[in-house]
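A.B. asks: Structure incoming, see below.
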Amino acid sequence: MPYETDYTNQGFSKVGTRVNRPDGVDKVTGRAKYGADANAAGQLVGRILRSPHAHALITKIDTSKAEKLPGVKAVLTGKDFPDLTGGDRGMMNILENCMARGRALYDGHAVAAVAAIDADTANEALKLIKVTYKQLPHVTDVDEAMKPSAPIIHDWVRTTGVTPAPTTASNVAQRTEFGHGDIDAGFAQADVIIEKSFKTEQTHQGYIEPHACLATLGPDGSGELWVTTQGHFTFRNVCASLLGLDVAKLRVTASEIGGGFGGKTHVWTEPVALQLSRRANRPVKLVMSRDEVFKATGPTSSTSVDVKIGAKRNGKITAASAELRYQSGAFPGMWAMLGAMTSFACYDLKNVKSVGFDVLVNRPKVAAYRAPSAPMAAFAVESVVDMVAAELGMDAVEFRIKNAAKKGTKASYGPVYGPIGIGPTLEAVKNHPHMKRKLGKNQGRGVACGFWFNFGGQTCTDLNIGVDGSVNLTVGTVDVGGSRASLALIAAEELGIDYEQVRVTIGDTNSLGHNDTTEGSRGTFSSGMAAIFAARDAVEVLKQRAAATWGIPVEQVVWEAGEARAKGKQNNNLPPLSLKEIAAKSPRTGGPIAGHNEVVADGAGVSFASHMCDVEVDPETGATKILRYTVVQDAGKAIHPDYVEGQFQGGAAQGIGWALNEEYVYGDDGRLQNAGFLDYRIPVCSDLPFIDTQILEIPNPNHPYGVRGVGETSIVPPLAAIGNAVSNAVGVRMDHVPMSPPRILKAIEAAQG
Amino acid sequence: MQVQLSGILSQAAGGARCVDCAGATIGELLQALLLKYPEMQSHLDDGIAVAINGEIYRDRRDQPIPANADVFLLPRIQGG
Amino acid sequence: MNGVTVSAKVNGDAVQYVCPPDESLLDVLRNRLNLTGVKEGCGTGDCGACSITLDGRLVCSCLVLGAEAEGREIGTVEGLSEGGKLHTLQEQFIEKAALQCGICTPGFLVAAKVLLERNSNPSEEEIRYALAGNLCRCTGYDKIVRAVQSSAKIMRRGKKASR
Ligand code: FES
Ligand code: FES
Chain G
1 MPYETDYTNQ GFSKVGTRVN RPDGVDKVTG RAKYGADANA AGQLVGRILR SPHAHALITK
61 IDTSKAEKLP GVKAVLTGKD FPDLTGGDRG MMNILENCMA RGRALYDGHA VAAVAAIDAD
121 TANEALKLIK VTYKQLPHVT DVDEAMKPSA PIIHDWVRTT GVTPAPTTAS NVAQRTEFGH
181 GDIDAGFAQA DVIIEKSFKT EQTHQGYIEP HACLATLGPD GSGELWVTTQ GHFTFRNVCA
241 SLLGLDVAKL RVTASEIGGG FGGKTHVWTE PVALQLSRRA NRPVKLVMSR DEVFKATGPT
301 SSTSVDVKIG AKRNGKITAA SAELRYQSGA FPGMWAMLGA MTSFACYDLK NVKSVGFDVL
361 VNRPKVAAYR APSAPMAAFA VESVVDMVAA ELGMDAVEFR IKNAAKKGTK ASYGPVYGPI
421 GIGPTLEAVK NHPHMKRKLG KNQGRGVACG FWFNFGGQTC TDLNIGVDGS VNLTVGTVDV
481 GGSRASLALI AAEELGIDYE QVRVTIGDTN SLGHNDTTEG SRGTFSSGMA AIFAARDAVE
541 VLKQRAAATW GIPVEQVVWE AGEARAKGKQ NNNLPPLSLK EIAAKSPRTG GPIAGHNEVV
601 ADGAGVSFAS HMCDVEVDPE TGATKILRYT VVQDAGKAIH PDYVEGQFQG GAAQGIGWAL
661 NEEYVYGDDG RLQNAGFLDY RIPVCSDLPF IDTQILEIPN PNHPYGVRGV GETSIVPPLA
721 AIGNAVSNAV GVRMDHVPMS PPRILKAIEA AQG
Chain W
1001 MQVQLSGILS QAAGGARCVD CAGATIGELL QALLLKYPEM QSHLDDGIAV AINGEIYRDR
1061 RDQPIPANAD VFLLPRIQGG
Chain D
2001 MNGVTVSAKV NGDAVQYVCP PDESLLDVLR NRLNLTGVKE GCGTGDCGAC SITLDGRLVC
2061 SCLVLGAEAE GREIGTVEGL SEGGKLHTLQ EQFIEKAALQ CGICTPGFLV AAKVLLERNS
2121 NPSEEEIRYA LAGNLCRCTG YDKIVRAVQS SAKIMRRGKK ASR
């Protein structure tokens, strides 16, 4: 049955409370099972051999010695993955990234795989595989890769988005353009114009749990996959299609997930593990090492961005433009496009243009990382916004408020905004006590804004009521950060029962209809919406059972406060029937009581955040300390405030790491030099202060409770907020992220001449 | 109704940033657009998102389009 | 395989296992003793997900050999709660929403327990430095530090009451 998705402004008794999460005990006792925690009888250990070269032809792979090693049960190379893609280039890119096909495209690209009875044997077998490489010229820098002289990564890539369509290969896979108005006319009106170029380095999502799976695939084409993933349904579809399996015959179960942030939306080793299992006809467990995670999975783009903003003396921006160059690794992506779309989304601009170039390099295939591509664009734009404000002699927050987008603004990426929260977050910043704290020597304050889209997507849930009145809600989105608690609150709210009566289960792919990947901040938004509707579905059944019990028409029954009540004078003598009572009688009134819903939960509502940050920079060492950090973000409606705050704080911390420390370092040989947590340093507990949060609730008109996605936006402002703070502290504009101590020292020295 | 096309989609419409097209729902609109501009097929395959009065719809083809709505077509986007 | 036979105590119980001389204690705990609450995030001593106690001292089990545990007392997250009662730290981690994905939680709990055994009233800074060997990518550490602070308070009160 279709339900209205519009916001209704209803009151809440459960939603918005800070209950304990239902999976808490499992997770504090070590019982919760993550990707690497499952085992099967007779399982083999899978391992992958990876290219040591940035770019090389694979002229020969001799696996004969490895195959003869006792205990080795399967050895695979690219030729063991026949092309079943039917000419679908996108699928072929996924397959080729899982296993090289004649050419290694980056340091860490998979070239062969083995399955053996134990880890020692598997490692031994990898050593016995002889790969003959012919090294090719490589390129890892985004600007270098765009030069005509750069080695070409794929000879089939023609730049799309330019006319006339090019006839020769290029590393620029796509040019995209967004904007409106006339920027030349706009700049001509400006009293002040600032133009500057910025660079950001490549970072990794850095989830603490490496990719892991347990794959079982029989010769009959039926299989099971236990895997740590953000989207088990998507993994099922992709694996089935790459390996030529029936979708229904591959059951994928999502393990507990030890962090994803976008990096677990893509398959990496899973098709390989399944193929190994099919070959050996035994279960294969394949767990990546940390080194492999860094080298071969999901980093974000490194970028190079030019921004130009012009404004009048009165503080109104007259024109803004940006050119954004994002590398997408060895396969085409849409990352520069997202950067171009989000770059100016916070502002109300008459004349705006942003152009994105997606560029191929010899680095791992770029994956989504929390509000993908937006942080780098925001770093460049929000830095220039600060510079323009300074040039005008205006307060940076006032300048932003003056130019902030609002309802009715034509967004820089095209559409016209509905009700949005950028203005309110900036007002909150202006009035926040954080802004009044005194700063000392070598200290600086920075403010920045951020935007992200948020998605909904295909969603399917089941709600089953037990005879004792307890409720099981089965959802198909994974719990990346407490969503079980939020969804249980929602079901309890709708049914009018205690939160503790609801248990939320993540269903496997054979127990529910398709659910899109848990990405784009959609988990609580879309499964929440489906949970509301599934509960309302069940309420209809509960009302019918009550009506039948009473022998009155169902129209005379309403559902209030967790019980069926008979309406009308003639029914005065009928005492209400609670959910528990109706459930207890259900075996004799028509059988089990359930609700079900499938929905395409579009309309997740764009979201905005503004961050404040105070830093102190040691002028001797260039080291930056975060003194205070405050996040203000619009959540629409916070279902479980603890976990909304958690998303705000986690995103900010990731942004802080990105801004100050994290970066992929490639040598001249094109090899990654810091593939471990020792040299790729993410923030530790002693690096950070408490991260203050303020949740704004500007209801999303497209969700019954007003919920917006909250997971991603918090990583967008930090690079810029810290960039502005550091620049204010040292008196030099920082233009290269991460602002590591050597870079800060260099900038200070350069300014001093 | 006037339908606005973002950069990369406008190429499939011969460079037009704004085209005239009718449809009571997203599905109908996209179908009409495809009839008019067969080159849209590849973008439809990659996925097109439709913004109606600022709200982005990626999947719901039965979403009604109100009269006088601001309609903007974008490439389908991905999140983390 | 030239196995080494090892007798040790895990969470108070005597265990015996055979492992290759170069196998890490982490692999022994996870793969031979089925204590998968001990997590592997890096295998190189950089993330703390594999934190355990060895004779009461906090160590990364990925940096210890299984063979080295002979005659020693091992403590893992599985041994934190007593009977049906969760440890105060476990309760407070849930109460204060100190975990999102939860993969780092076992390591943090073990590290925090060792801290509070040595220092019943740590300052915020002491907590932050004591936990600096444990990586968490989800929370920004805010709620983790708060959970340890409130645990310390509760445990101090408990001690006073039982005196
Ligand atoms: S697994 Fe031992 S410190 Fe990371
Ligand atoms: S809760 Fe996910 S790493 Fe700490």
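Protein chains in written order, with the numbering used here: chain G, 1 to 753; chain W, 1001 to 1080; chain D, 2001 to 2163. No residue lacks a Cβ here, since even glycine has one placed at the ideal position from N, Cα and C.
#1: Within 8 Å of any Cβ in chain G, is that where the Cβ of W:P1075 sits?
#2: Need the endpoints of the beta strand (DSSP E) that W:P1075 sits in, please.
#3: Write down the C-beta distance between G:T203 and G:E662 rounded to the nearest angstrom, noting that I regard them as a contact closer than 8 Å.
#4: So is the beta-carbon of D:D2046 under 7 Å away from any non-hydrogen atom of ligand 1?
#5: Would you identify the three-state DSSP class for G:K79, choosing helix, strand or coil?
#6: In the structure shown, what three-state DSSP assignment does W:P1066 receive?
#7: With distance defined between alpha-carbon atoms, name the residue in D:G2048, D:L2025, D:L2086 and D:G2043 nearest to D:L2131.
#8: DSSP state of G:H232, grouped into three classes?
#9: Who are G:E560's beta bridge partners in DSSP?
#10: Could you please tell me which residues of the segment 19-33 of chain G, in chain order, have their CB closer than 9 Å to any CB of chain D?
#11: Beta carbon of G:N171, beta carbon of G:L360: below 8 Å?
#12: Taking a contact to mean a Cβ-Cβ separation below 8 Å, would you say G:A116 touches G:C98 in this structure?
#13: Measure from the alpha carbon of G:P148 to the alpha carbon of each residue in G:W156, G:T168, G:Y133 and G:L126, then state which is nearest.
#14: How about the segment 334-349 of chain G and the segment 217-227 of chain G: do they share at least three Cβ pairs that are nearer than 8 Å?
#15: Any heavy atom of ligand 2 closer than 7 Å to the CB of D:T2105?
#16: Is G:A653 close to chain D, meaning its C-beta is less than 8 Å from at least one C-beta of that chain?
#17: Once DSSP output is grouped into helix, strand and coil, what is the label at G:D687?
#18: Taking three-plus beta-carbon pairs below 8 Å as touching, is the segment 461-480 of chain G in contact with the segment 547-555 of chain G?
#19: Closer than 8 Å, Cβ to Cβ, to anything on chain G: give me those residues from the segment 2130-2145 of chain D, in chain order.
#20: Restricting to Cα atoms, I'd like to know which of G:G568, G:S289, G:R31 and G:K406 is closest to D:G2037.
#21: Buried or exposed for G:Q458, going by 16 or more other Cβ atoms inside 10 Å?
#22: In the DSSP assignment, find the beta strand (DSSP E) that holds D:R2057 and state where it starts and stops.
#23: Does the separation of the CB atoms of D:G2075 and D:T2053 fall below 8 Å?
#24: Going by other Cβ atoms of all chains shown within 10 Å of its Cβ, with 16 needed for buried, is G:M1 buried or exposed?
#25: Can you check whether the C-beta of W:Q1004 is within less than 8 Å of a C-beta belonging to chain G?
#26: Considering G:I506, what are the terminal residues of the beta strand (DSSP E) in which it resides?
#27: Any idea which residues DSSP pairs G:T140 with across the strands?
#28: Within 7 Å: the Cβ of D:C2136 and any heavy atom of ligand 1?
#29: Taking C-alpha atoms, which residue in G:A492, G:A729 and G:V388 lies nearest to G:K308?
#30: Helix, strand or coil for G:Y705? Go by DSSP, reduced to three states.
#31: Over the uninterrupted alpha helix (DSSP H) stretch that includes G:K402, give me the two end residues.
#32: Rounded to a whole number of angstroms, what is the C-alpha to C-alpha distance between G:G333 and D:K2085?
#33: Are the CB atoms of G:P299 and G:V366 within a distance shorter than 8 Å?
#34: In terms of residue numbering, what span does the alpha helix (DSSP H) encompassing G:V539 cover?
#35: Taking only beta-carbon positions, decide if G:K14 is within less than 8 Å of chain D.
#36: How about G:I208: is its Cβ closer than 7 Å to a heavy atom in ligand 2?
C.D. replies: Result, derived from the coordinates:
#1: Within the second sequence, numbered from 1, the residue matching residue 1075 of chain W stands at position 75. Yes, contact with chain G.
#2: As a first step, residue 1075 of chain W must be located in the second sequence, where it is residue number 75. From DSSP, the beta strand (DSSP E) with W:P1075 extends over V1071 to P1075.
#3: Against the first sequence, residue 203 of chain G aligns to sequence position 203. Against the first sequence, residue 662 of chain G aligns to sequence position 662. The Cβ separation is near 5 Å, so the contact holds.
#4: For the purposes of this step, residue 2046 of chain D is taken as residue 46 along the third sequence, with counting starting at 1. Within the cutoff, so yes.
#5: Translated into the one-based positions of the first sequence, residue 79 of chain G becomes position 79. G:K79: helix per DSSP, three-state reduction.
#6: The residue given as residue 1066 of chain W occupies position 66 in the second sequence. W:P1066: coil per DSSP, three-state reduction.
#7: Residue 2131 of chain D sits at position 131 when you count from the first residue of the third sequence. Nearest of D:G2048, D:L2025, D:L2086 and D:G2043 to D:L2131, Cα basis: D:G2048.
#8: Counting from 1 along the first sequence, the entry for residue 232 of chain G is found at position 232. DSSP places G:H232 in helix when its eight states are reduced to three.
#9: Your numbering for residue 560 of chain G matches position 560 in the first sequence. Paired residues: G:E563.
#10: N20, R21, D23, G24, V25, D26, K27, V28, T29, G30, R31, A32 and K33
#11: Position 171 of the first sequence, counting from 1, holds the residue named residue 171 of chain G. Position 360 of the first sequence, counting from 1, holds the residue named residue 360 of chain G. Yes; because the gap between Cβ atoms is below 8 Å, this pair is in contact.
#12: Counting from one through the first sequence, the residue named residue 116 of chain G turns up at place 116. Counting from one through the first sequence, the residue named residue 98 of chain G turns up at place 98. No, the pair does not count as a contact, with Cβ atoms beyond the cut-off.
#13: The residue given as residue 148 of chain G occupies position 148 in the first sequence. Ranking the options by Cα distance to G:P148, first place goes to G:T168.
#14: no
#15: Counting from 1 along the third sequence, the entry for residue 2105 of chain D is found at position 105. The answer is yes for D:T2105.
#16: Here the question's residue 653 of chain G lines up with position 653 in the first sequence. Closer than 8 Å: yes.
#17: By 1-based counting over the first sequence, the position of residue 687 of chain G is 687. Helix.
#18: no
#19: L2131, A2132, G2133, N2134, L2135, C2136, R2137, C2138, T2139, G2140, Y2141, D2142, K2143, I2144 and V2145
#20: To locate residue 2037 of chain D, count along the third sequence from 1; it is residue 37. For D:G2037, the nearest C-alpha among the options comes from G:R31.
#21: Walking along the first sequence from the start, residue 458 of chain G turns up at place 458. So G:Q458 ends up on the buried side.
#22: For the purposes of this step, residue 2057 of chain D is taken as the residue at position 57 of the third sequence. D:R2057 -> beta strand (DSSP E) spans R2057 to C2060.
#23: On the third sequence, residue 2075 of chain D is found 75 positions in, with the first residue counted as 1. On the third sequence, residue 2053 of chain D is found 53 positions in, with the first residue counted as 1. Contact flag set, yes.
#24: Taking the first sequence and counting its residues from 1, one reaches residue 1 of chain G at position 1. Residue confidence for G:M1 is low, a pLDDT of 49 falling below 50, so the modelled location carries little weight and cannot support an answer.
#25: As a working note, residue 1004 of chain W is residue 4 in the second sequence. Output row for W:Q1004: interface = yes.
#26: Taking the first residue of the first sequence as position 1, residue 506 of chain G is located at position 506. G:I506 -> beta strand (DSSP E) spans V502 to I506.
#27: Counting from one through the first sequence, the residue named residue 140 of chain G turns up at place 140. The partner list for G:T140 (beta bridge, DSSP) is empty, contrary to what the question assumes.
#28: Within the third sequence, numbered from 1, the residue matching residue 2136 of chain D stands at position 136. Checking the Cβ of D:C2136 against ligand 1 gives no.
#29: Counting from 1 along the first sequence, the entry for residue 308 of chain G is found at position 308. Of the candidates G:A492, G:A729 and G:V388, the one whose C-alpha sits nearest the C-alpha of G:K308 is G:V388.
#30: Along the first sequence, one-based indexing puts residue 705 of chain G at 705. G:Y705 falls in the coil class under three-state DSSP.
#31: By one-based count along the first sequence, residue 402 of chain G stands at place 402. It spans A396 to N403 - the alpha helix (DSSP H) in which G:K402 sits, taken as one unbroken run.
#32: Numbered from 1 along the first sequence, position 333 holds the residue referred to as residue 333 of chain G. Numbered from 1 along the third sequence, position 85 holds the residue referred to as residue 2085 of chain D. So the two alpha carbons sit approximately 50 Å from each other.
#33: Your numbering for residue 366 of chain G matches position 366 in the first sequence. Your numbering for residue 299 of chain G matches position 299 in the first sequence. Result yes, Cβ atoms of G:V366 and G:P299 sit closer than 8 Å.
#34: Against the first sequence, residue 539 of chain G aligns to sequence position 539. G528 to W550 is the extent of the alpha helix (DSSP H) around G:V539.
#35: In the first sequence, residue 14 of chain G corresponds to position 14, counting from 1. No, G:K14 lies away from the interface with chain D (no Cβ there is under 8 Å from its Cβ).
#36: Numbered from 1 along the first sequence, position 208 holds the residue referred to as residue 208 of chain G. Yes, Cβ of G:I208 sits closer than 7 Å to a heavy atom of ligand 2.
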